[in-house]
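Residue 1 is where the sequence shown starts when you use full-length UniProt numbering, and the numbers rise one by one after that. Built from N, CA and C at the ideal position, the CB exists for glycine as well. The model shown is predicted, which means the values in this text are computed figures rather than measured ones. Report on the structure given below.
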Amino acid sequence: MYLSPNAMQDCISLNAIILDICIDAIEKVQEEVEINCPQIQIVGTATNLKEGLGLIRQELPQIVFSEITLPGLNSLIGAGGTFFPSCHTILMSSCPDRALDANKYQAAGFLIKPLKKVELITAVRYAEIRIIANNHRKSEIIATNNKQIIPPGELIGVPTVEGFEFIHINQLIRLEGMQKYTQIITRQRSDLISTNNIGEFCKLLHPFHFFSPHKSHLINLVHVKKYYKDGTIQMSDGSLVPVAKRRKTEFLNTMLLLR
Numbered sequence: 001m002y003l004s005p006n007a008m009q010d011c012i013s014l015n016a017i018i019l020d021i022c023i024d025a026i027e028k029v030q031e032e033v034e035i036n037c038p039q040i041q042i043v044g045t046a047t048n049l050k051e052g053l054g055l056i057r058q059e060l061p062q063i064v065f066s067e068i069t070l071p072g073l074n075s076l077i078g079a080g081g082t083f084f085p086s087c088h089t090i091l092m093s094s095c096p097d098r099a100l101d102a103n104k105y106q107a108a109g110f111l112i113k114p115l116k117k118v119e120l121i122t123a124v125r126y127a128e129i130r131i132i133a134n135n136h137r138k139s140e141i142i143a144t145n146n147k148q149i150i151p152p153g154e155l156i157g158v159p160t161v162e163g164f165e166f167i168h169i170n171q172l173i174r175l176e177g178m179q180k181y182t183q184i185i186t187r188q189r190s191d192l193i194s195t196n197n198i199g200e201f202c203k204l205l206h207p208f209h210f211f212s213p214h215k216s217h218l219i220n221l222v223h224v225k226k227y228y229k230d231g232t233i234q235m236s237d238g239s240l241v242p243v244a245k246r247r248k249t250e251f252l253n254t255m256l257l258l259r
């Protein structure tokens, strides 16, 4: 997939973690990344694989900087030939010969320690290209599925205490969980309460450009008006919705593709 230079200049922030046996090595890598790749936010570090896997599940990083000799790393190789299927791995080693392993395991990059500025920036840039390409493919799949299931102008039945309310999908602005119930805000009203919990609506509306920025919120991305750096989304009706820290990057990536 071809990406123009402008697309690369518009790359948004990404989360990353660092895995290395030595704490000093972790600190040096983190320092180099913070200085040379300001678009990368280091959200965690670990000195062993068990802690690293826990960080990946918790923080959902897009990039993992990993020492190639980290004990147990080879045991993660799956059918796809990658270490962390949900992330893009940049391998590191003080031995240049280990670069062959990076190609073998389909890593996004290989860096020789101590890290060099140009090589670090190049590896991160390549990882960004892969991430953007993957997001575009996902967006195309979702768009195709949308056409095959329900056009945005169609009605959905919303269960309430009194029965069912039928609402056009494109009229929905946002939904907010209220324990076992869900408050639904549309262009016309904000007093509709459904007996379905927020999780049911997430499953139903996710294919139609709806996104959950927080465990108790579901928003229609078409109605997003503004995003604030403090982690708040302003909707078309003026209401504000919080964005969980671990979902910030996914939200911004999704909005970039939608626009």
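Beta-bridge pairing by DSSP links V158 to E165. When C-alpha distances from F208 are compared across T249, E154 and H217, the shortest belongs to E154.
Between Y126 and G109, the alpha-carbon positions lie close to 8 Å from each other. If the five residues before and after I193 are omitted, its C-beta is found closer than 8 Å to the C-beta atoms of T160, V161, M178, Y181, T182, Q183 and I184, all from its own chain and listed in chain order. Annotation for A46: the continuous beta strand (DSSP E) segment containing it runs I40 to A46. Shown here, R174 sits in a strand according to DSSP, grouped into three states.
For K50, the enclosing alpha helix (DSSP H) has its first and last residue at L49 to E59. In this structure, L100 and V64 do not form a Cβ contact; the two beta carbons are roughly 19 Å apart against a cut-off of 8 Å. Between the alpha carbons of A25 and I233 lies a gap of roughly 37 Å.
A distance of 7 Å or more separates the beta carbons of C202 and S190. Within the model, the alpha-carbon separation for Q58 versus D230 is close to 21 Å. Under the Cβ criterion (8 Å, minimum of three pairs), the segment 42-60 does not count as touching the segment 115-132.
Nearest neighbour of I17 by Cα position, chosen from R98, C37, L60 and Q39, turns out to be L60. Ranking A123, S94 and K113 by CA distance to the CA of H88 puts A123 first. Distances from the CA of E128 to each of C95, S75, Q39 and Y105 were compared; the closest alpha carbon is that of Q39. Per DSSP, the beta bridge partners of H88 are I63. Per DSSP, reduced to three states, the secondary structure at I184 is strand.
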